[in-house]
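Number of protein chains: 2
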Amino acid sequence: MIVRDFNELKNSDRAVSDAKWTSVRMLLANDGMGFSFHITTLQAGSEHQFEYKHHFESVYCISGKGSITDRNTGETHDIKPGVMYALDKHDPHILRSEEELVMACCFNPPVTGTEVHRADGSYAPVDELEES
Amino acid sequence: MIVRDFNELKNSDRAVSDAKWTSVRMLLANDGMGFSFHITTLQAGSEHQFEYKHHFESVYCISGKGSITDRNTGETHDIKPGVMYALDKHDPHILRSEEELVMACCFNPPVTGTEVHRADGSYAPVDELEES
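Heads up: the sequence lines are chains A and B, in that order. Residue numbers for the first sequence follow this note's numbering, so the first one is 29 and each next one is one higher. Residue numbers for the second sequence follow this note's numbering, so the first one is 29 and each next one is one higher.
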């Protein structure tokens with residue numbers, strides 16, 4: 029059994045940040061669960077464009093307020109506590125936080141922890157990471 | 029993109045209960061994500077014995093207070109907001125809630141929604157469900 033505490037990991041090297049978000053990697057590929065699990069905090073007033081071409085991701089809002097726009101359909105959905113979105117079609121999207129958002133995220137295949145967002149908002153597929 | 033709201037689903041047939049817990053299935057196997065995602069609420073003062081012999085499960089505490097005992101090692105860990113446990117060895121365990129626990133749970137392989145806890149605390153493997 030693995031037991032980890034977000035409040036300890038947020039100040040460790042399992043917390044990955046850019047200027048406007050921090051993602052604490054509670055579970056990564058090498059934990060052997062077949063998915064990764066992250067608690068991601070998006071700064072109030074920030075906007076993010078992502079497209080996980082090689083991953084499925086689900087995102088559950090624990091706290092905060094914002095919206096998500098599906099760039100394929102143009103539809104926008106409110107994000108508030110209890111709302112989950114799942115990118116079952118690797119949907120390109122824009123995520124906006126009006127108030128700081130805290131989100132519980134699951135990735136399949138699991139993130140290894142070495143990915144960076146590429147210019148198109150994606151993470152590289154696992155086989156490219158292994159090659160690099 | 030799938031968008032669902034816990035606060036709507038908790039009063040629908042996606043909410044599965046027994047006397048002392050309710051699990052709202054935000055994502056199930058047929059959503060095609062490769063994992064299932066549940067928000068599970070455990071009644072204050074309840075105790076649960078589970079052993080997911082055929083699944084990996086991670087559980088993140090959103091709110092509440094309790095503890096988990098690993099029945100293989102005898103170790104007990106406090107559960108409070110921010111703590112996650114991951115049953116990477118299909119660990120048999122006892123989960124106790126002192127205050128109502130709200131937990132974000134990921135299962136791999138994904139739960140189909142038709143499972144029931146068997147006498148040993150497990151869910152049946154997917155192939156047995158398909159045969160039944």
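All residues carry an ideal CB built from backbone N, CA and C; glycine is no exception.
In the three-state reduction of the DSSP assignment, A/V154 falls in the helix class. With respect to chain B, the C-beta atom of A/S51 has no partner C-beta closer than 8 Å. Residues of chain B with a Cβ closer than 7 Å to the Cβ of A/F84 are, in chain order, M61, G62.
Residues M112, Y113, A114, L115, C133, C134 of the same chain have their beta carbon placed closer than 8 Å to that of B/S86, with the five preceding and five following residues left out of the count. When 9 Å is used as the limit between beta carbons, B/Y113 is near these residues of chain A: M29, I30, V31, R32, in chain order. Excluding residues up to 5 positions away in sequence, Q77, T97 lie with their Cβ nearer than 6 Å to the Cβ of B/I122 in the same chain. Between the alpha carbons of A/V44 and B/P109 lies a gap of roughly 20 Å. Residue environment analysis places A/S125 among the buried positions, since at least 16 neighbouring C-beta atoms fall within 10 angstroms of its C-beta. Selection B/F84, B/G60, B/V31, B/I67 evaluated against B/Y151 yields B/F84 as nearest (Cα-Cα). Within the same chain, L55, P138 come within 8 Å of A/M61 by CB-CB distance, once the 5 residues on both sides are set aside. Per DSSP, reduced to three states, the secondary structure at B/L37 is helical.
For the stretch 70 to 98 of chain B, the beta-carbon criterion of a distance under 7 Å to any beta-carbon of chain A is satisfied by F84, S86, Y88, I90, D98. Around the C-beta of B/G73, fewer than 16 other C-beta atoms lie within 10 Å, and the residue is accordingly described as exposed.
Annotation: A/N100 to A/D59 spans about 34 Å, alpha carbon to alpha carbon. At least 8 Å separates the beta-carbon of A/V130 from that of A/S95.
Taken in chain order, the unbroken stretches of beta strand (DSSP E) that lie wholly in the stretch 107 to 148 of chain A and span 3 residues or more are 111 to 114, 121 to 136.
For A/D59, DSSP assigns no beta-bridge partner whatsoever. Looking at B/I107, B/K81, B/N35, B/V52, the one whose alpha-carbon comes closest to that of B/P153 is B/K81. In the three-state DSSP reduction, B/M54 falls in the strand class (E or B). Residue burial annotation: B/V144 is exposed, with fewer than 16 other C-beta atoms found within 10 angstroms of its C-beta. Counting other Cβ atoms within 10 Å of its Cβ, A/S51 reaches 16 or more and is therefore classed as buried. Look at B/M54: its C-beta is under 8 Å from a C-beta on chain A. Contact annotation for A/A132 against chain B: Y88, A132 [CB-CB distance below 7 Å, chain order]. Note on B/E156: under 16 other CB atoms within 10 angstroms of its CB, so exposed under the neighbour-count rule.
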